[in-house]
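A.B. asks:
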Amino acid sequence: MNLAISGLKYIEEIKNGNYTIEEFVSKTLEQIQKLDGKLHAFLSLNDKAIDQAKKLDKKIQKNEKIGACFGMPISIKDNICVKGTKTTCASKMLEDFVAPYEATVISKLKSEDAIIIGKTNMDEFAMGLTTEFSAFGPSRNPWNHDYVPGGSSGGSAVAVRALECVASLGSDTGGSVRNPASFCSVVGYKPTYGLVSRYGLISYANSIEQIGPLTRTVEDLAFILNIISGIDDKDNTTVDNKNEDYLSEIDAGVEGKKIGIIKEMIGDGADKEVVSATNNAVKKFENLGAKCEEISLDMVDYSVAAYYTISATEAGSNLARYDNLRYGFDFPLEGFEFNSYISKARKNFGPEVTRRLIVGGFVPSAGFAGKYFLKALKVKSKLTAEVNEAFKKVDLLLAPTVPICPFKLGEKIDDPIALFLIDFNTVTANLTGKPAISIPFELSDGLPIGIQLLAKSMHDKALLQAAYALQNTVHLPEIQL
Amino acid sequence: MTKIGLEIHCQLTNLESKLFCTCRANYRGYEPNTNVCPICMGLPGTLPLLNQKAVEKATTIAMALNCKTPEKLAFFRKNYFYPDLPKNFQITQLNVYGPTSIGLEGKVLVDEKEIRILRIQLEEDPGRLIYEGSSEKTQITLVDYNRAGTPLVEIVTEPDFENPKQVRLFLNMLSDLLENLSVSDPELEGAIRADVNVSIQGGKRVEIKNIGSFHDLEKAIHFEITRQESLAARNIQIIQETRHWDEQRKITISARRKEEELEYRYFLEGDIPWILIDSQTLDRLKNDMPESIISKKERYISKYKIPSQVAEVLSSDKFYSDMFEQVRDETNVKDVANIITTDLMGLVDTKEKRENSKLTPQHLVELVNAIKSNKITRTAAKIALKEIVKSGKTLSDVISELDLVHVSDASELTRIIDQVLSEEIIAVEQAKTNPDTINYLIGKVMQKTKGNADPKLTLSIIQKKIQT
Ligand SMILES: [Zn+2]
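As structure tokens, then:
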């Protein structure tokens, strides 16, 4: 049995009876046992996974109806609530928090008989780009253990790449799915804002973030999107996608499509290996029949500043509830005055979260909102207008997912500003609500480089079709695990 | 000149559910922290789900107070740490970035004085803090989140009131209006709370917070005006400050914390998309709105020729006006209005009595018909009504059980009168010379018939008997 197969292939194998769900899940758990001590992709595992697999196998034996996932082992970023399991956001603040309800995406996956294999590591409350800000220790890049896997959904990308699961759900606030997907060479995707329900996703910057899958192939991604997308009466911001089938016609190709290369995203800050990979991707698209042209988005230069201002403001509010009064960690209330209790309790936030909460308390405050927060909102709306204008001329936008190559653990942890710039190419999709995907493209010095595509809002299907076309031109060497 | 402005918080108690979840809007009477769910407890990962009905009900209040209603509504977060706020922010509304609250710039006429409404906004009520002992000295504060998320409408007036009487009239009008619109039950404890600001000529604005009833509100204003005037009389400056109303001592006390220095970091609540109130929705709400109290009153006067005072009483109370509308027809309007405003009112003057009343509109119809056809007297009708309210029995049962039949049958009456006259020989003799004594004899007949004898008929029969 080979774990290095796509999700769709897995389903075929199970359907054909080549092995049982239990066998595959056991093998997956063995893989985790073998590798995760070093990689640290997981924060917790589902100890009922084997039982659940056995139950599904019985259903198959009895020819009973079974959901579309056929027991596919899927991992979940630890900021998405899975009922009855710990959901920590990789934070000491939520060390003991057991979710009493199910996120909508989890209900949907479970109703299609996916097996939630475990909860994956992340930067605390999804704030970070390397997974080094996890309160429970960093994850490592499976291509080279000295390197960061990207973040904040680092655990998810590692688990998918290291065959510790078939697919994973992460969350993308400023690039948190696409960035680790690029660093670990998996497919990572941020849907159009509102396409996937956020109910049960622990908010960081709720006006711009989405849950997104990480998979080994674009088809797998379309398959999972079919399950988790759509309007949800538990999230007022979801939009109706009329049950769009993202998997059908995935091989439609890009013949005649117009692709804009975002000039600002391959500028001075970009590594030369990354720029060269981007040029190669453009050539491949042209070979596939697409028309590529350079396009300039002036507001991109201000996007990171706007992103950090907006996300810090929303984080300041979204994370205010963690006062440890109703849930959290063990710290008795008696004998404290309210304010002194919560200041003590909130010292459990790690350094990056604390930094952003301080910024988040400052930039929208009465005397400074005009100078910072309101200006950031202006950038957001101008950037959106600019991107919408660009999409009148082209069907897709292209840029490297991350302007630089993966780097070593500890290399940038003390340089928050340098870390911020890693988001340079990804935040535009979040600020404008557009769908964006990162596709594994090249290896440079044995470390992956991903290519990013953006599409118009609700044109997620066209985006996946283009990603599929590019994926089929890419043949990376096997990873040594 | 004294200037008074109000900030009234009114819960939409008649709604089924809270503003952002399906827990009950009327949280009263449940064990602490049982009317809660992940959403109103602000658990990580939950999202507010807007109760569309709350938006509509609040909009009808805005329309009834002649406010402008913006086409696009938005919600904002007001961020501050407090144990009664599960999320440590309150979802509310704001007009700082353009008009996006439920209503604004309204006006109403109170006692010939125009009162401007600054804004009306919809927001979530926090939980309730319960102190062991007084809030100042307590060692332990308990929190009950049953109330958290209850739909709350905030009505803010300009400082247009000049005296407590205008405030009282406005509040009476407002309570009647809320009841008439069936949005809120102002009688429920805590359903309506108010903050007030008071300034006298030459003085700074003083805000008084946490006033739990309209009754206390008037007292607080009186106290504050007196306090400020006595300071002014002694040439002591009145400073701008926030004061709290002490319910026990009925005085205002300076608040230690300066509330205006708090930083709320307002920003748009992204989890609730903009709400579009188009003209069709507004038309529908307008059509569904019950007739206003003023229009009702005018209709009663012009159409039914009911005296103005009776019409006022009838129209301002939804319970009575509903009863009136159900029972009246072309022929009996005045009698129905009379029975309701004179007899029924004393019998069902509290909420409890109304809820326990067994009276149906059918009862009232029968009662009015019985009076009109001389079957029973007005006095008997009053007794019967009391019994019906209590027991719910049919009118005919009540008449026979209490022996209330109107004795208008001449032969039956003659028999009773003969009996009285034979017992009262001396009085009969006196009556021949002194007409006043006849009243004494009529009284005796009434006693025997429990008031059911027709007074006119009784008089004429006695007069004839005495003269012969
Ligand atoms: Zn609730």
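Here the protein sequences line up with chains L and F, keeping their order. Residues in the first sequence are numbered consecutively from 71, following the numbering used here. Residues in the second sequence are numbered consecutively from 267, following the numbering used here. Even glycine gets a Cβ: it sits at the ideal position worked out from N, Cα and C.
(1) In angstroms with no decimal places, state the Cα-to-Cα distance between residue 268 of chain F and residue 272 of chain L.
(2) Residue 391 of chain L versus chain F: which residues are under 9 Å apart at the beta carbon?
(3) With 16 as the cutoff for other CB atoms within 10 Å, does residue 552 of chain L come out buried or exposed?
(4) Determine, using beta carbons only, whether residue 537 of chain F comes closer than 8 Å to chain L.
(5) Anything in chain F within Cβ reach of residue 304 of chain L, meaning under 8 Å, just list it in chain order.
(6) For chain F, find out if any of its Cβ atoms is closer than 8 Å to the Cβ of residue 167 of chain L; answer yes or no.
(7) In chain L, which residues lie less than 8 Å from residue 738 of chain F when you measure between Cβ atoms?
(8) Going straight from the alpha carbon of residue 558 of chain F to that of residue 512 of chain F, what length do you get?
(9) In terms of DSSP beta bridges, what is residue 464 of chain F paired with?
(10) For residue 573 of chain F, would you say it is in contact with chain L, using Cβ-to-Cβ distances shorter than 8 Å as the test?
(11) Among the residues of its own chain, which have a CB less than 6 Å from the CB of residue 308 of chain L, if the five just before and after it don't count?
(12) Hey, out of F/573, F/651 and F/560, whose CA is closest to residue 611 of chain F's CA?
(13) Quick check on residue 128 of chain L: buried or exposed, where buried means 16 or more other Cβ atoms within 10 Å of its Cβ?
(14) Does residue 320 of chain L come out as helix, strand or coil in the three-state DSSP assignment?
(15) How many Å lie between residue 295 of chain L and residue 455 of chain F at the Cα?
(16) Taking only three categories from DSSP, how would you classify residue 391 of chain F?
(17) Looking only at its own chain, which residues have a Cβ that is under 7 Å from the Cβ of residue 432 of chain L, when we skip the five neighbours before and after it?
(18) Quick check on residue 215 of chain L: does DSSP put it in helix, strand or coil?
(19) Rounded to whole angstroms, what is the Cα-Cα separation between residue 288 of chain L and residue 541 of chain L?
(20) Tell me which residues share the same chain as residue 581 of chain F and place their Cβ nearer than 7 Å to its Cβ, disregarding the 5 neighbours each side in the sequence.
(21) Is there at least one non-hydrogen atom of ligand 1 closer than 7 Å to the beta-carbon of residue 305 of chain F?
(22) Anything in the stretch 376 to 398 of chain F with a Cβ closer than 8 Å to a Cβ of chain L? List those residues in chain order, please.
(23) If you measure from the CB of residue 77 of chain L, is any heavy atom of ligand 2 nearer than 7 Å?
(24) Can you tell me whether residue 419 of chain F sits near ligand 1, meaning its C-beta is under 7 Å from at least one heavy atom of the ligand?
(25) Kindly indicate which three-state DSSP category residue 371 of chain F falls into: helix, strand or coil?
(26) Contact criterion: CB-CB distance below 8 Å. Does residue 533 of chain F meet it with respect to chain L?
(27) Report the residues of the stretch 160 to 194 of chain L with a CB closer than 9 Å to any CB of chain F, ordered along the chain.
(28) For a contact meaning CB atoms closer than 7 Å, what does residue 406 of chain L contact in chain F?
(29) Less than 7 Å separating the Cβ of residue 304 of chain L from some heavy atom of ligand 1?
(30) Tell me the DSSP bridge mates of residue 280 of chain L?
(31) Please report the residue range of the alpha helix (DSSP H) in which residue 254 of chain L lies.
(32) Check the Cβ of residue 428 of chain L against every Cβ in chain F and list those closer than 9 Å, keeping chain order.
(33) Could you tell me which chain F residues have their CB closer than 7 Å to the CB of residue 204 of chain L, listed as they occur along the chain?
(34) When the Cα of residue 414 of chain F is compared with those of F/300, F/594 and F/537, which residue comes out closest?
(35) Can you tell me whether residue 401 of chain L is buried or exposed, with buried defined as 16 or more other CB within 10 angstroms of its CB?
C.D. replies: Considering the structure as presented:
(1) Translated into positions along the second sequence, residue 268 of chain F becomes position 2. Translated into positions along the first sequence, residue 272 of chain L becomes position 202. It is roughly 51 Å from the alpha-carbon of residue 268 of chain F to the alpha-carbon of residue 272 of chain L.
(2) To locate residue 391 of chain L, count along the first sequence from 1; it is residue 321. Those within 9 Å of residue 391 of chain L in chain F are 308, 309, 310, 351, 352, 353, 354 and 355.
(3) Only positions 71 to 551 of chain L appear in the structure, and residue 552 of chain L is not among them; the question remains open.
(4) As a first step, residue 537 of chain F must be located in the second sequence, where it is residue number 271. At least one beta carbon of chain L lies nearer than 8 Å to the beta carbon of residue 537 of chain F.
(5) For the purposes of this step, residue 304 of chain L is identified with residue 234 of the first sequence, where counting begins at 1. Under the 8 Å cutoff, chain F gives 313 and 315.
(6) Here residue 167 of chain L is taken as the residue at index 97 of the first sequence, counted from 1. Taking CB atoms only, residue 167 of chain L has a neighbour in chain F less than 8 Å away.
(7) Only positions 267 to 734 of chain F appear in this structure, which leaves residue 738 of chain F out of reach.
(8) By one-based count along the second sequence, residue 558 of chain F stands at place 292. By one-based count along the second sequence, residue 512 of chain F stands at place 246. Approximately 36 Å between the Cα atoms of the pair.
(9) As a first step, residue 464 of chain F must be located in the second sequence, where it is residue number 198. The beta-bridge partner set that DSSP reports for residue 464 of chain F consists of F/270 and F/472.
(10) Start at 1 with the first residue of the second sequence, and residue 573 of chain F comes out as number 307. By this cut-off, residue 573 of chain F is not an interface position.
(11) The sequence position of residue 308 of chain L within the first sequence is 238, counting from 1. Excluding five sequence positions before and after residue 308 of chain L, the CB atoms of its chain that fall closer than 6 Å to its own CB belong to 264, 267, 301 and 302, given in chain order.
(12) Position 345 of the second sequence, counted from the first residue, corresponds to residue 611 of chain F. Of the candidates F/573, F/651 and F/560, F/651 places its Cα closest to the Cα of residue 611 of chain F.
(13) In the first sequence, residue 128 of chain L corresponds to position 58, counting from 1. Within 10 angstroms of the beta-carbon of residue 128 of chain L lie fewer than 16 other beta-carbons, which makes it exposed.
(14) In the first sequence, counting from the first residue as 1, residue 320 of chain L sits at position 250. DSSP places residue 320 of chain L in coil when its eight states are reduced to three.
(15) Locating residue 295 of chain L in the first sequence gives position 225, where the first residue counts as 1. Locating residue 455 of chain F in the second sequence gives position 189, where the first residue counts as 1. When rounded, the distance between both Cα atoms is 50 Å.
(16) Reading the second sequence from its first residue, position 125 is the one you call residue 391 of chain F. Residue 391 of chain F: coil per DSSP, three-state reduction.
(17) Taking the first residue of the first sequence as 1, we reach residue 432 of chain L at position 362. For residue 432 of chain L, where only same-chain residues beyond five positions count, the Cβ hits under 7 Å are 438.
(18) Counted from its first residue, the first sequence places residue 215 of chain L at position 145. Of the three classes helix, strand and coil, the one that applies to residue 215 of chain L here is coil, per DSSP.
(19) For the purposes of this step, residue 288 of chain L is taken as the residue at position 218 of the first sequence. For the purposes of this step, residue 541 of chain L is taken as the residue at position 471 of the first sequence. Going from the Cα of residue 288 of chain L to the Cα of residue 541 of chain L covers about 7 Å.
(20) Locating residue 581 of chain F in the second sequence gives position 315, counting from the first residue. Closer than 7 Å at the Cβ level, and outside the excluded window around residue 581 of chain F, lie 559, 562, 563, 566 and 587.
(21) Residue 305 of chain F sits at position 39 when you count from the first residue of the second sequence. Residue 305 of chain F Cβ: within cutoff of ligand 1.
(22) Listed by position, the residues of the stretch 376 to 398 of chain F near chain L (Cβ gap below 8 Å) amount to none.
(23) No copy of ligand 2 occurs in the structure displayed; its ligands are ligand 1 alone.
(24) Here the question's residue 419 of chain F lines up with position 153 in the second sequence. Set against 7 Å, the gap from the CB of residue 419 of chain F to the closest heavy atom of ligand 1 is not smaller.
(25) Numbered from its first residue, the second sequence carries residue 371 of chain F at position 105. Of the three classes helix, strand and coil, the one that applies to residue 371 of chain F here is strand, per DSSP.
(26) To locate residue 533 of chain F, count along the second sequence from 1; it is residue 267. Cβ-Cβ to chain L under 8 Å: yes for residue 533 of chain F.
(27) Listed by position, the residues of the stretch 160 to 194 of chain L near chain F (Cβ gap below 9 Å) are 164, 167, 169, 170, 171 and 173.
(28) The sequence position of residue 406 of chain L within the first sequence is 336, counting from 1. Chain F residues near residue 406 of chain L: none, gap ~11 Å exceeds 7 Å.
(29) Numbered from 1 along the first sequence, position 234 holds the residue referred to as residue 304 of chain L. Judged by the Cβ position, residue 304 of chain L fails to qualify as a neighbour of ligand 1 at the 7 Å threshold, every heavy atom of the ligand being at least this far.
(30) Here residue 280 of chain L refers to the residue found at position 210 of the first sequence. Answer is L/242, bridged to residue 280 of chain L.
(31) Taking the first sequence and counting its residues from 1, the one referred to as residue 254 of chain L is at position 184. For residue 254 of chain L, the enclosing alpha helix (DSSP H) starts and ends at 248 to 254.
(32) Locating residue 428 of chain L in the first sequence gives position 358, where the first residue counts as 1. Scanning chain F for C-beta atoms nearer than 9 Å to the C-beta of residue 428 of chain L yields nothing, as the closest lies near 13 Å away.
(33) In the first sequence, the residue the question calls residue 204 of chain L occupies position 134. At a beta-carbon threshold of 7 Å, none of the residues of chain F lie near residue 204 of chain L; the nearest stands roughly 17 Å away.
(34) Residue mapping note: residue 414 of chain F aligns to position 148 of the second sequence, counting from 1. Measuring from the Cα of residue 414 of chain F, the nearest candidate turns out to be F/300.
(35) Along the first sequence, one-based indexing puts residue 401 of chain L at 331. The residue in question, residue 401 of chain L, is exposed, as its Cβ has fewer than 16 Cβ neighbours within 10 Å.
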